[in-house]
Every structure is written in C-alpha cells, then in structure tokens.
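Participant: Chains A and B, in that order, give the protein sequences.
Read the first sequence against this note's numbering and you will find it ends at 489, with the numbers running on by one and no gaps.
Read the second sequence against this note's numbering and you will find it ends at 161, with the numbers running on by one and no gaps.
The structure under discussion is supplied below as structure tokens; questions concerning it will follow.
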Amino acid sequence: MKQRHVAIDPITRLEGHGKIDIFLNDKGDVDHAYLQIPELRGFEVFSLGRPSEDMPQITSRICGVCPTAHHMAATKALDDLYQVECHPVGRKIRELVYNTFMLEDHALHVYILGGPDFIVGPDAPKELRNVIGVIGKVGLDVGKKVISMRRRLRGIINYAGGKVIHPVLGLPGGVAKGISPDQIAEFKQIAAEGLEFAKFTLQVFKDIVLKNEAYVKLITSDAFTHKTYYMGLVDKDNKVNFYDGDVRVVTPEGKEYAKFPIRDYLQHINEHVEPWTYIKFPFLKNVGWKGFTEGGRSGVYAVAPMARLNAADGMATPEAQKAYEEYFKVLGGKPVHHTLANHYARVIEMIQAAETIVALVNDPQITSKDFRTLPTKTPKIGVGVVEAPRGTLIHHYETDERGLMRKTNLIVATIGNSARIAMSVDKAAKGLIKGGNVSDGLLNQVEMAFRAYDPCFGCATHTLPGEMPLIVTLRDLKGGVIKEIRR
Amino acid sequence: MGNDILGDDAVGFHAARSLRSEPFEGVDVVETGEAGLALLDHLEGYDRALILDAIATGKCRPGTVLSWGRKDFKDIVSPSPHFSGLPELIQLAERVGMHFPKDMRVLAMEVEDPTVFRESLTPGAAQALPALVSEARRVLAEWGHAQPAAMLTGGPRTRR
Chain A
3 MKQRHVAIDP ITRLEGHGKI DIFLNDKGDV DHAYLQIPEL RGFEVFSLGR PSEDMPQITS
63 RICGVCPTAH HMAATKALDD LYQVECHPVG RKIRELVYNT FMLEDHALHV YILGGPDFIV
123 GPDAPKELRN VIGVIGKVGL DVGKKVISMR RRLRGIINYA GGKVIHPVLG LPGGVAKGIS
183 PDQIAEFKQI AAEGLEFAKF TLQVFKDIVL KNEAYVKLIT SDAFTHKTYY MGLVDKDNKV
243 NFYDGDVRVV TPEGKEYAKF PIRDYLQHIN EHVEPWTYIK FPFLKNVGWK GFTEGGRSGV
303 YAVAPMARLN AADGMATPEA QKAYEEYFKV LGGKPVHHTL ANHYARVIEM IQAAETIVAL
363 VNDPQITSKD FRTLPTKTPK IGVGVVEAPR GTLIHHYETD ERGLMRKTNL IVATIGNSAR
423 IAMSVDKAAK GLIKGGNVSD GLLNQVEMAF RAYDPCFGCA THTLPGEMPL IVTLRDLKGG
483 VIKEIRR
Chain B
2 MGNDILGDDA VGFHAARSLR SEPFEGVDVV ETGEAGLALL DHLEGYDRAL ILDAIATGKC
62 RPGTVLSWGR KDFKDIVSPS PHFSGLPELI QLAERVGMHF PKDMRVLAME VEDPTVFRES
122 LTPGAAQALP ALVSEARRVL AEWGHAQPAA MLTGGPRTRR
C-alpha cells in the first residue's frame, strides 16, 4: 500500500530530541505512527571510574528539568551501595525536599506545559496554547500566584539542597545540612500556602476541564485509552509514596501482579530494543514482550501519575485520598486507562505532596542537628529508586571496593513509559487523522498523546529563535518530500 | 546557559567564566543549566541580560557565533510541550508587571553535537570560543559597562 510520511518535528530546546513520524496510506489514513527519540549518548561510559559519591551531582546534570529526582535516586543508591540506612531525620529532610520538588514540578506541568491544551483548549490557536493563554483564561492573579508559589517552593529546595538545579543535599546515610529552627516559621507559611494552592488547582481543574463535556469526552475517548499494566512505589499500606517503598505492579484489571523491593528490579523488568530509535522499551519480564500491544498478555506497563494511582490502594494523606476517590468515581472506576487522565492524577498528587510538606515542617524532629548516619561498610552494589514526576526512576551502581564506579544502569522515568507512549501516539494518530486531513488542531492532539506523560527527552538542542518549531513533511514511499508544512 | 557534562553545550559557561575572570562594572555572571520558567528567577530585577549559549541549527558552520535581540523573541510561534521559551517568558513578565530586562541579547555558538557526555569542548568549539567571548565583551561595552582593566574588585549590581 502506498504511504505518505508526515513528521511532527519540533526543534526547540528540549523536545528537539523527540519527533513524531506519521505514515499515511494511499487513502490518507494513518498506517503507523511512532515517536523517535535520539537519546543522549555515553552516560554509562562517562561515569566509569568516578567516585560513586559524585553520582548525585553528575546524574542531576543529565536533565535540567528534574535534577532533584536524579539527585535523590542517586543518593538512595548510595545508601544501598554503602549498606547504610538513612538517618531518620535525614530521611525527613530528604522527603521534605522531594515532596516540594514534586509539588513545584507538577504545578509547572499543570499550568505551563500540559495544562494549556485543556485550560486554553486543544483546538485553540497555537499562539494561545501556552502560559499566556492560560493567564488569559484563568486571570492575571492566578498567573502571579503560580509564579510566586513556584519561587517560594524552590526557596525550600534551595535552602536545604544548596542549589535547585544541581542539589548537593544527599550523602549516603543522610543529608549534608540540617534545617535551622529560625527557618521553620517561613517554611510552615510556604507549606500552608502550598496546600491551599494545590487544592485551588484541583478546583481549577474541575471547573475548567471536568465541567466541560467535550474535554471529558476527549479524555475518555478510545483514541487516548490503553489497557496496560501499571507500576508505582507504595508504602507499607500500599499508599502512593514518591520517595520510597516497594515497587507495585497491577494488571490491566487492577489486581496486584507483583510487589518487590527495588533491589529485585532485574527479576521483573527487561528492556526491548527497536532498530528505529535509541530509546529502549522496558517491559515486565515475566509477562514477556509481545510488541506494542495492550492487555494482560503484553508486558507493556505504564508509570507516572495515572499509573501510580492505579498501582496503589490509595493516597497517603487525607485531602489527596478524598480527591483520589472522586477521581475514580468521575472516570468510571479503577483502574483508569485514559492517558489524558494523567493531568487529573497529577493534580491529586500535588495535594499529597503539599500535605506531606505540611506534616514534615510541623514535625519537631525536622530541625534536629543530627541528620546523618556515617557509612562504615565496603561498597559493592547499590540500587536506588524514587517516583519522579514522570514515573519510576531507577539508579543502579556497581563499584570496586574503593567506591569507584564500575557499572551504571539508569532506567529513567520517561523510558518506563516509552512503549505506552509509542502506542498512544500511534493510536491517537489513527483515531484523529482521516483522509489525509492533518490540521493543526489534530496534530496538537496527537502531540497531546505524549505530552500527557510529561515526557523528558534530555536537554541539549536549542532552537533558532523565531523559527517555526513544528515541521510537517509529507513524503512518498521512497522518502521524497511531497510537501513541507511549517507552523 | 548549557550543560557542563554535554561537551559543547557548555560553551556558554566557558565564555561566562572567561568574562568573570575579568569582572566588568555592574555585571553579574550567572551559570545555569535551567530552562523555561526557571529563567525568570535569573532574569528578574535586571535592566539588561546577555545570554551566552550553544545552539545546533545545522544551518551554519560549527563555531559560528549567532546573535539575536529581544525583538526576535517577540512572537510566540508555537506551544512547547516541555518548557516555556524566551518569547513566553518575556510576555509573561510583561503581563505580570515583573521588572525584567528591557534589553536582551542572545549570543549562541553553533555546535555540532551537544548530545554526547563529555566534560571538555571539542577542538573546533574551543578554537571558536575567543570569538564568542570577544562578541560578549563588545556587547557589554556597547551597554556602557567599563572594561576590566581598572575593575579588579567587581562592580555594583544592576539589580534593583
């Protein structure tokens, strides 16, 4: 069958590493669509021979978007490597920083990155689908509130972590710095405001998205639905936990399939490789790789907010739990399979993060001057895990007896979703592009299929200012350009 | 701006460090690997901003220094899936009444491949670095910042 080739090829700073290729058949319908991600290269080799203590700083440089997640996964890998349990106060400080990061990062996505698609509308003019359009819709005061809240939350990370972008907080067995009692009154104020802000965001989401029938229809539409396994960290009560816990996997029907400590991840996760992309596709080893297919027989699984809520029995904090229960009620029961529900789940996670921050800054132990247990054992193998905003993030290190790196394996959050993202892009394209109609709004909705996962493709390529970051190329079977559309 | 473990992506840092070693009056030198909204924190409160960066357009010879002014960032051309670009930041700052640089210049060196982890510049980028520094010095002089000869202790900040 004759094919045409449509490429959505943004060349802006971050997403320059992602490109959607859509192949149309001779009827103008989608034959196949997939996401290509030319990954950053050589990190494993780059890390060899370095002191393992450097890993929290080095890995936080992998990405300018979520350095705190890498820093924390690396720090926890060092705990394991040096066989030391984190000091309880150090753990609380880490959790304070980490939940603050989750709240700030999720807020950024809700209002700035993914939110514009809903708040402004998926078919709104492209020049309005951004933070300016959001302000136009929700009001200037809300815009000011978002900016101010974000800055104040980053102040907590900055204080405890040294630097937001490359934190120097984590050490094996604890943290590098405690929290001064002089600081706590301000943190309590920020925490209280953060919780109000998270609850306000839920209300914004309800008012703008859930009350809009068309949006709810889009969220629950078949084009954005996949029945896969779901993965997330849970605490001892099987509640969502961003910082620590066992990895829990549930089936597409929502039943527990596996629950394991992160040290055992290689018994459960394997990675499939495709020739057309650098990205690897993790899958559940004991189910097996059956291609980009859904259902209980396919090892494809999902991570990130929607998956976390599916994989857990509930949220760990009361307000978030209420929102969790309402979420499943609104979306037709558990588990939720609608990719775009990630936006809703993200807001619920904001509430849990905020409530956790409030609890931690009100914990008298948080200002203790004792916050680290010194490691005394010889390092060998360490595996650390956190729930990054974008999903389960695993760092695996092996060293010699001096602690110099011999092996590094990272399963970054976006990679955990890679197979499902590829399926989402393919399905959305097939559902939305018919008869060769590739309008701008339709293309944006295809992009929405992967944007909902809040994917992170690394950060190195830069755009030429003023140029159109989206290029659509129609090609014949031999790759010749029939037409090129720039927007 | 850049990433100091992604080879030539750090060329802006190298240029900034060179400028820092010869402090200009009234100039703060800041290094950041951040993008998007986080840049507001670095830009707010300044009258002018000179951004030094790497760029991979594939449209000119590696080592070429490209330059843009604030007017080039006037229009938001498309939504970005993962961050807010300078055009959005500028409009956002204006909308919320933020004290934001009225004068903005971006100098970016074309680099070949900023996707490989390494701590050093490629020979080509290292060779072209003086041209980027020289152009940065010229912009600072154009903005009235004194040459460093008499400025050994750093100068007052322009932040209000």
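The C-beta atom is built at its ideal place from N, Cα and C for all residues, glycine as well.
Treat the numbers as computed from the prediction; the structure is a model and nothing was measured.
My assumption, with CB atoms under 8 Å, is that Val211 of chain A sits in contact with Val140 of chain A. Please give the rounded CB distance.
Facilitator: Residue 211 of chain A sits at position 209 when you count from the first residue of the first sequence. Residue 140 of chain A sits at position 138 when you count from the first residue of the first sequence. With 8 Å as the limit, Val211 of chain A and Val140 of chain A do not qualify as a contact, their Cβ atoms being about 12 Å apart.
Participant: For the beta strand (DSSP E) containing Lys282 of chain A, name the first residue and the last one.
Facilitator: Locating residue 282 of chain A in the first sequence gives position 280, counting from the first residue. From DSSP, the beta strand (DSSP E) with Lys282 of chain A extends over 282–286.
Participant: Determine, using beta-carbon pairs with one atom in the region 345–364 of chain A and one in the region 226–234 of chain A, whether at least three such pairs fall under 8 Å.
Facilitator: no
Participant: Going straight from the alpha carbon of Val363 of chain A to that of Ala306 of chain A, what length do you get?
Facilitator: Taking the first residue of the first sequence as 1, we reach residue 363 of chain A at position 361. Taking the first residue of the first sequence as 1, we reach residue 306 of chain A at position 304. When rounded, the distance between both Cα atoms is 26 Å.
Participant: So the beta strand (DSSP E) Phe14 of chain B belongs to, where does it begin and stop?
Facilitator: Reading the second sequence from its first residue, position 13 is the one you call residue 14 of chain B. Boundaries around Phe14 of chain B are those of the alpha helix (DSSP H), 12–21, since no beta strand (DSSP E) includes it.
Participant: Kindly indicate which three-state DSSP category Lys139 of chain A falls into: helix, strand or coil?
Facilitator: The count along the first sequence starts at 1 and reaches residue 139 of chain A at position 137. The answer is helix: DSSP assigns Lys139 of chain A an H, G or I state.
Participant: Name the residue from B:Leu90, B:Phe25, B:Ile6 whose alpha carbon lies nearest to the alpha carbon of Val140 of chain B.
Facilitator: Here residue 140 of chain B refers to the residue found at position 139 of the second sequence. Of the candidates B:Leu90, B:Phe25, B:Ile6, the residue whose Cα lies closest to the Cα of Val140 of chain B is B:Phe25.
Participant: Is Ser54 of chain A near Tyr399 of chain A, with beta carbons less than 8 Å apart?
Facilitator: Counting from 1 along the first sequence, the entry for residue 54 of chain A is found at position 52. Counting from 1 along the first sequence, the entry for residue 399 of chain A is found at position 397. Closer than 8 Å, so yes.
Participant: Let's see if you can read the secondary structure: which residues bound the alpha helix (DSSP H) around Tyr326 of chain A?
Facilitator: Counting from one through the first sequence, the residue named residue 326 of chain A turns up at place 324. Taken as a continuous stretch (DSSP letters only), the alpha helix (DSSP H) holding Tyr326 of chain A covers 320–332.
Participant: Between Phe14 of chain B and the rest of its own chain, which residues show a CB-CB distance below 6 Å, the 5 nearest in sequence each way excluded?
Facilitator: Taking the first residue of the second sequence as position 1, residue 14 of chain B is located at position 13. So the qualifying residues of the chain are Gly3, Asp5, Glu32.
Participant: Could you run through the region 139–150 of chain A and flag, in chain order, every residue whose CB is less than 8 Å away from some CB of chain B?
Facilitator: Listed by position, the residues of the region 139–150 of chain A near chain B (Cβ gap below 8 Å) are Leu142, Gly145, Lys146, Ile149.
Participant: Cβ closer than 7 Å: which chain B residues qualify as neighbours of Phe202 of chain A?
Facilitator: Position 200 of the first sequence, counted from the start, is the residue given in the question as residue 202 of chain A. Per Cβ cutoff of 7 Å: no residues; Phe202 of chain A is ~17 Å from chain B at best.
Participant: For chain A, is any of its Cβ atoms less than 8 Å away from the one on Leu40 of chain B?
Facilitator: For the purposes of this step, residue 40 of chain B is identified with residue 39 of the second sequence, where counting begins at 1. No, Leu40 of chain B lies away from the interface with chain A (no Cβ there is under 8 Å from its Cβ).
Participant: Using 8 Å for Cβ pairs, my map puts Val66 of chain B next to Ala132 of chain B. What's the rounded Cβ distance?
Facilitator: The residue given as residue 66 of chain B occupies position 65 in the second sequence. The residue given as residue 132 of chain B occupies position 131 in the second sequence. Sure, about 5 Å apart at Cβ, within 8 Å.
Participant: Is it buried or exposed, Val275 of chain A, if we count other Cβ atoms within 10 angstroms and call 16 or more buried?
Facilitator: Within the first sequence, residue 275 of chain A is the residue found at index 273, counting from 1. With fewer than 16 other Cβ atoms within 10 Å, it is exposed.
Participant: Does the beta carbon of Glu113 of chain B sit closer than 8 Å to a beta carbon anywhere in chain A?
Facilitator: Counting from 1 along the second sequence, the entry for residue 113 of chain B is found at position 112. It does not: the Cβ of Glu113 of chain B has no partner Cβ on chain A nearer than 8 Å.
Participant: Looking at C-beta atoms only, is the number of pairs between the region 320–340 of chain A and the region 423–438 of chain A that lie closer than 8 Å three or more?
Facilitator: Between the region 320–340 of chain A and the region 423–438 of chain A there are fewer than three C-beta pairs closer than 8 Å, too few to call the two in contact.
Participant: Could you tell me whether the Cβ of Val133 of chain A comes closer than 8 Å to any Cβ of chain B?
Facilitator: On the first sequence, residue 133 of chain A is found 131 positions in, with the first residue counted as 1. With 8 Å as the cut-off, Val133 of chain A counts as an interface residue toward chain B.
Participant: Check whether the Cβ atoms of Arg63 of chain A and Asp42 of chain B sit closer than 8 Å, and answer yes or no.
Facilitator: In the first sequence, counting from the first residue as 1, residue 63 of chain A sits at position 61. In the second sequence, counting from the first residue as 1, residue 42 of chain B sits at position 41. No, they are not a contact pair.
Participant: List the residues of chain A whose Cβ lies closer than 9 Å to the Cβ of Ile6 of chain B, in chain order.
Facilitator: Mapped onto the second sequence, residue 6 of chain B falls at position 5. The contacting residues are Phe45, Phe48, Ile60, Arg63, Ile64.
Participant: List the residues of chain B that Arg152 of chain A touches, going by C-beta distances under 8 Å, in chain order.
Facilitator: Taking the first residue of the first sequence as 1, we reach residue 152 of chain A at position 150. Under the 8 Å cutoff, chain B gives Leu38.
Participant: Which class does Tyr100 of chain A belong to by DSSP, given the choice of helix, strand or coil?
Facilitator: Numbered from 1 along the first sequence, position 98 holds the residue referred to as residue 100 of chain A. Three-state DSSP puts Tyr100 of chain A in a helix.
Participant: If you measure between the beta carbons of Ala343 of chain A and Ile221 of chain A, is that distance less than 8 Å?
Facilitator: Counted from its first residue, the first sequence places residue 343 of chain A at position 341. Counted from its first residue, the first sequence places residue 221 of chain A at position 219. In this structure, Ile221 of chain A lies closer than 8 Å to Ala343 of chain A by Cβ.
Participant: Let me confirm a value: Glu95 of chain B is counted as buried when at least 16 other C-beta atoms fall within 10 Å, else exposed. Which label applies?
Facilitator: Working through the second sequence from its first residue, we reach residue 95 of chain B at position 94. Per the 10 Å Cβ criterion, exposed.
Participant: Would you list, in chain order, the members of the region 97–121 of chain A that have their beta-carbon closer than 7 Å to a beta-carbon of chain B?
Facilitator: Leu110, Ile114, Leu115, Pro118
Participant: Excluding the five sequence neighbours on either side, which residues of its own chain have a C-beta within less than 6 Å of the C-beta of Ala193 of chain A, listed in chain order?
Facilitator: For the purposes of this step, residue 193 of chain A is taken as residue 191 along the first sequence, with counting starting at 1. Only Ile359, Val360, Val363 meet the Cβ criterion.
Participant: Does the region 104–112 of chain A come close enough to the region 147–161 of chain A to have 3 or more Cβ pairs within less than 8 Å?
Facilitator: yes
Participant: Under three-state DSSP, which class holds Ala314 of chain A?
Facilitator: Start at 1 with the first residue of the first sequence, and residue 314 of chain A comes out as number 312. It is coil, neither helix nor strand.
Participant: Going by the DSSP bridge assignment, what does Arg119 of chain B pair with across the sheet?
Facilitator: Counted from its first residue, the second sequence places residue 119 of chain B at position 118. Partner residues in the beta bridge of Arg119 of chain B, as assigned by DSSP, are B:Leu7.
Participant: Comparing the C-beta of Glu89 of chain B with each C-beta of chain A, is any distance below 8 Å?
Facilitator: The residue labelled residue 89 of chain B in the question sits at position 88 within the second sequence. Yes, Glu89 of chain B counts as interfacial toward chain A.
Participant: Would you please verify whether the beta carbon of Gly34 of chain B is less than 8 Å from any beta carbon of chain A?
Facilitator: Along the second sequence, one-based indexing puts residue 34 of chain B at 33. Interface criterion met: the Cβ of Gly34 of chain B is under 8 Å from a Cβ in chain A.
Participant: Could you pull the DSSP bridge partners for Met110 of chain B from this structure?
Facilitator: As a first step, residue 110 of chain B must be located in the second sequence, where it is residue number 109. Looking at the DSSP assignment, Met110 of chain B forms a beta bridge with B:Ala55, B:Val66.
Participant: Can you tell me where the beta strand (DSSP E) with Asn364 of chain A in it begins and where it stops?
Facilitator: Position 362 of the first sequence, counted from the first residue, corresponds to residue 364 of chain A. Here Asn364 of chain A belongs to no beta strand (DSSP E), and DSSP marks it neither H nor E.
Participant: At a Cβ threshold of 8 Å, is Ile137 of chain A touching chain B?
Facilitator: To locate residue 137 of chain A, count along the first sequence from 1; it is residue 135. Output row for Ile137 of chain A: interface = yes.
Participant: Would Ile423 of chain A pass as a contact of Pro284 of chain A if the rule is Cβ separation under 8 Å?
Facilitator: In the first sequence, counting from the first residue as 1, residue 423 of chain A sits at position 421. In the first sequence, counting from the first residue as 1, residue 284 of chain A sits at position 282. No, the Cβ-Cβ distance between Ile423 of chain A and Pro284 of chain A is not below 8 Å.
Participant: Exposed or buried, what is Arg62 of chain B when buried is set at 16 or more other beta-carbons lying within 10 Å of its beta-carbon?
Facilitator: Residue numbering aside, residue 62 of chain B sits at position 61 when the second sequence is read from its first letter. Residue burial annotation: Arg62 of chain B is exposed, with fewer than 16 other C-beta atoms found within 10 angstroms of its C-beta.
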